[in-house]
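Chemist: For what it's worth, my numbering labels the leading residue of the sequence shown as 691, then goes sequentially.
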Amino acid sequence: MKKLVTALALVAALSGCEDATKAIDQAQEAANSAVDSLQEKMESFDTSKLNLEQFGDATDSAKEFAESVEDAMHADFANPEALNKVQDKIANTYNCLIDATSESTAEKLLDKVLSAIGSQETQSVIEKGIEKAKAAQECVM
């Protein structure tokens, strides 16, 4: 009788492990799918598709701003120091863009960039950089 109870307990435990393994595999597949989707959204933004030449003399400033946005897209969101550096770079390049063009032109480019980025984290980093830019209001190159 003891052997039968022990055998049944062992079968039940192994069955529970198999169910847990299936649940873990399903969660891992869902996480991988979410990461793939996020990477596709991030990769869908291509700064070369922006017509930065339209800014004439301010093309360099527009390119610098676009590069700072790319830095935000590839930032390590787990590293606060790295995020702060990216935000500072966005703030500075945005102010330089304003100095080279106008605030309304810079805002139009910013709106275009934000609408093309699917990652909420990246958008948040960019928006915080813009807030810093509005507080600093000077270009330092």
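Backbone N, C-alpha and C fix where the C-beta goes; we use that ideal spot for every residue, glycine too.
Pick from 818, 712, 827: whose alpha carbon is nearest that of residue 758?
Modeler: 818
Chemist: Under 9 Å, Cβ to Cβ, is there at least one residue of chain B near residue 804?
Modeler: Among the chains in the structure shown there is no chain B, since it carries only a single protein chain.
Chemist: Enumerate in chain order the residues of its own chain whose CB-to-CB distance from residue 751 is below 6 Å, with the five nearest sequence positions on each side excluded.
Modeler: Apart from the 5 residues on each side of it in sequence, residue 751 sits with its Cβ closer than 6 Å to the Cβ of 786, 787, 790 in its chain, given in chain order.
Chemist: DSSP three-state label for residue 828, please.
Modeler: coil
Chemist: Let me make sure I understand the geometry here. Which of 812, 804, 806, 696 has the alpha-carbon closest to that of residue 777?
Modeler: 812
Chemist: Judging by CA-CA distance, which residue of 760, 800, 780 is the nearest neighbour of residue 825?
Modeler: 780
Chemist: Can you tell me which of 808, 799, 712 puts its alpha carbon nearest to the alpha carbon of residue 744?
Modeler: 799
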